[in-house]
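These notes are about the structure you will find just below.
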Amino acid sequence: MMKAFYIFKKDWESELRTRYAVNALAMFILVTISVILFSIGQEEISPYLAGGLLWVVIFFSAMSGLARAFVSEEERGTTMTLHLIASPTVVFSGKLIFNLLLVFLMNTVISVLFSILFSVFVIKNIPLFIIAFILGNIGIAVSSTIISAIISKANTKGTLYPVLSFPILLPLILILLELTKYSIDGNSIGSSYVEIGVLISYDVIMTSASYLFFDFIWKE
Amino acid sequence: MSSYLLKLESVTKVFGRRLVFENLSLDFPPGKVYGISGPNGSGKSTLSKIIAGIIAPTSGRALHSAGGKIIPAEKLHNHIGFVSPYLTLYDEFTALENIEHFSRIRGIVSDNERRGNLLNDLGIYSRRNDYVKAYSSGMKQRLKYVFALIHRPELILLDEPTSNLDSSGKDAVYKLIENEIKKSVVIIASNEDADLARCGEVIYLEEFKLKQNK
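The listed protein sequences correspond, in order, to chains A and B. Taking my numbering, I'd label the letters of the first sequence as residues 2 to 221. Taking my numbering, I'd label the letters of the second sequence as residues 154 to 367.
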């Protein structure tokens with residue numbers, strides 16, 4: 002676990018110096034939210050639509066920033082260096098920790114901006130939203146990390162990420178949209194057990210499958 | 154003397170429709186420097202990567218053992234030191250930061266004395282706090298030796314070991330090889346006569362037969 006932490010630490014220090022992912026994410030969030038605000042204009046939108054737009058922004062931001070985890074190593078030619086210093090499990094864990102931190106930071110910023118800029122976006126059951134937010138972020142981070150590992154080996158990295166992430170992230174986004182709607186309505190956590198169960202299952206399945214699959218992706 | 158043993162069992166590699174080599178079965182007992190030679194495209198680097206566990210062979214296997222015990226694939230990186238021109242270190246870190254990160258990720262305590270000695274032997278001690286992006290290609294090649302040797306590996310794989318190096322760099326590398334052979338198995342993949350002259354046994358990939366040099 003400590004070795005994975007040190008991979009994360011290397012990536013974090015590298016990110017602070019190169020700003021590969023943070024700049025891409027910040028610009029993307031700024032541009033997409035601005036475009037949404039301009040296109041809505043003075044129109045009144047429903048709280049459900051605001052909740053839907055929140056996850057749309059999160060989904061596309063994840064595409065622009067989280068894919069960097071392995072792609073940046075491949076572009077810099079340091080993938081082989083990682084091969085020579087750590088086992089596949091350690092590499093994947095380190096990259097996953099980095100993406101988890103990035104996705105939590107990114108989604109917190111997006112959620113705060115949404116609640117400031119969209120007055121209709123009012124969450125009545127905050128604990129339910131936080132549960133959905135945490136489980137959703139874990140799902141997005143795990144899925145993005147394994148997709149990043151797959152596309153880093155391909156020639157058409159840019160186009161492959163949306164193609165691969167859509168079917169993988171769609172079930173997650175659909176459940177998150179449902180839970181966001183419930184939390185806007187003020188439904189109790191007890192009445193959302195099924196959706197929370199599906200989210201937990203998604204996270205467990207994606208994490209297990211990613212660790213199993215990563216060995217094959219990592220070794221060409 | 155090292156107890157490390159490398160054994161290739163019927164190793165075959167195919168890229169698409171192109172057969173690189175087939176049924177390569179070889180033993181690399183300790184105590185010698187081994188050379189892998191052959192024309193461009195004969196598979197020297199591919200074989201080095203298969204031995205290092207970076208790529209998988211199409212069929213067959215590379216067995217590594219130390220002290221009579223087989224080394225599992227997920228722990229192989231702790232036993233191998235690898236240098237090649239296509240290996241890249243992190244440009245955004247200094248030489249010392251690179252080595253620190255690698256040592257921590259490998260889970261070893263950074264040995265300041267060994268680190269200092271290696272940097273000194275390779276003539277880059279005075280530039281240890283410079284960012285790698287400011288290094289010349291020859292200095293980067295020298296730093297790769299610190300990366301490859303800092304964890305005291307039992308198998309040292311050198312693919313084109315003197316690439317980008319000036320004469321003093323080459324001398325430093327040959328001296329290091331001489332020192333390391335006492336503790337490690339050393340394999341050199343090269344076409345340079347001066348590199349192969351250091352080898353006790355050379356494998357000519359295009360012929361698939363061993364030629365005794367000494």
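Glycine residues also receive a C-beta, built at the ideal position from the N, C-alpha and C atoms. Since the structure is predicted, the reported quantities are computational estimates derived from the model, not experimental observations.
Taking the beta carbon of Thr-19(A) as reference, the chain B residues within 8 Å of it are Glu-245, listed in sequence order.
When Cβ-Cβ separations below 8 Å define contact, Gly-78(A) makes contact with chain B. A Cβ of chain A is located within less than 8 Å of the beta carbon of Arg-259(B).
If you look at Glu-14(A), you'll find it in the alpha helix (DSSP H) that goes 3-19. Rounded to the nearest whole angstrom, the CA to CA distance from Leu-179(B) to Ser-201(B) is 13 Å.
With distances taken between CA atoms, Tyr-187(B) lies nearest to Leu-310(B) out of Gly-260(B), Leu-310(B), Ser-263(B) and Phe-246(B). Shortest Cα-Cα distance from Ile-111(A) to any of Tyr-194(A), Leu-31(A) and Ile-197(A) involves Leu-31(A). For Leu-240(B), the residues of chain A that pass the 7 Å Cβ criterion are Met-81 and Thr-82, in the order they occur in the chain.
Secondary structure at Asp-348(B): helix, using DSSP grouped into helix, strand and coil. At a cut-off of 8 Å between C-beta atoms, Ile-233(B) counts as an interface residue with respect to chain A. Within the same chain, Cβ atoms closer than 6 Å to the Cβ of Tyr-243(B) are found at Asn-251, the five residues on either side in sequence being excluded. Taken in chain order, the unbroken stretches of alpha helix (DSSP H) that lie wholly in the stretch 48-120 of chain A and span 4 residues or more are 48-66, 69-77, 80-84 and 89-118. In the structure shown, Lys-335(B) adopts coil according to DSSP, grouped into three states. Contact annotation: the stretch 187-194 of chain A touches the stretch 124-137 of chain A, with at least three C-beta pairs closer than 8 Å.
Identification of residues in the stretch 207-219 of chain B having a C-beta nearer than 9 Å to some C-beta of chain A yields Ile-207, Ile-208 and Ala-209, given in sequence order. The beta-bridge partner set that DSSP reports for Thr-247(B) consists of Tyr-284(B). At least one CB of chain A lies nearer than 8 Å to the CB of Ala-205(B).
Setting aside the 5 residues that flank it on each side, Lys-286(B) is surrounded in the same chain by Asp-244, each with a C-beta closer than 6 Å to its C-beta; the list follows chain order. As for any alpha helix (DSSP H) of minimum length 4 sitting wholly inside the stretch 212-261 of chain B, the runs are 248-259, ordered along the chain.
Within the same chain, and ignoring the five residues on either side of Ile-147(A) in sequence, the residues whose Cβ sits closer than 7 Å to its Cβ are Ser-211, Phe-214 and Phe-215. At a cut-off of 8 Å, the C-beta of Tyr-7(A) has a neighbouring C-beta in chain B. Thr-90(A) is a Cβ neighbour of Glu-227(B), given a cutoff of 8 Å. In the three-state reduction of the DSSP assignment, Asp-264(B) falls in the coil class, being assigned neither a helical nor a strand state. With a threshold of 16 other beta carbon atoms within 10 Å, Pro-314(B) meets it and is buried. Counting only residues of its own chain and dropping the five nearest sequence neighbours on each side, Ser-279(B) has no CB closer than 6 Å to any other CB. The continuous stretches of beta strand (DSSP E) do not include Tyr-278(B), and DSSP gives it neither H nor E. Within the DSSP secondary-structure output, Phe-168(B) pairs in a beta bridge with Arg-171(B).
Cβ contact annotation for Tyr-157(B) (same chain, cutoff 8 Å, sequence separation greater than five): Pro-183, His-217, Ser-218, Ala-219, His-232, Glu-307, Leu-308, Ser-337 and Val-338, in chain order. Non-local C-beta neighbours of Ser-263(B) in its own chain, meaning closer than 7 Å and more than five positions away in sequence, comprise Glu-253 and Ser-256, ordered along the chain.
Shown here is that no member of the stretch 157-188 of chain A has a Cβ falling below 9 Å from a Cβ of chain B. No Cβ-Cβ contact shorter than 8 Å links Arg-259(B) with Leu-275(B).
With a threshold of 8 Å between beta carbons, Glu-354(B) makes no contact with chain A. Secondary structure at Ile-208(B): coil, using DSSP grouped into helix, strand and coil. Taking all protein chains shown into account, Ile-261(B) has fewer than 16 neighbouring C-beta atoms within 10 Å of its C-beta and is therefore exposed.
In the structure shown, Asp-319(B) adopts coil according to DSSP, grouped into three states. Bounds of any alpha helix (DSSP H) do not take in Leu-311(B); it lies within the beta strand (DSSP E) bounded by 308-312.
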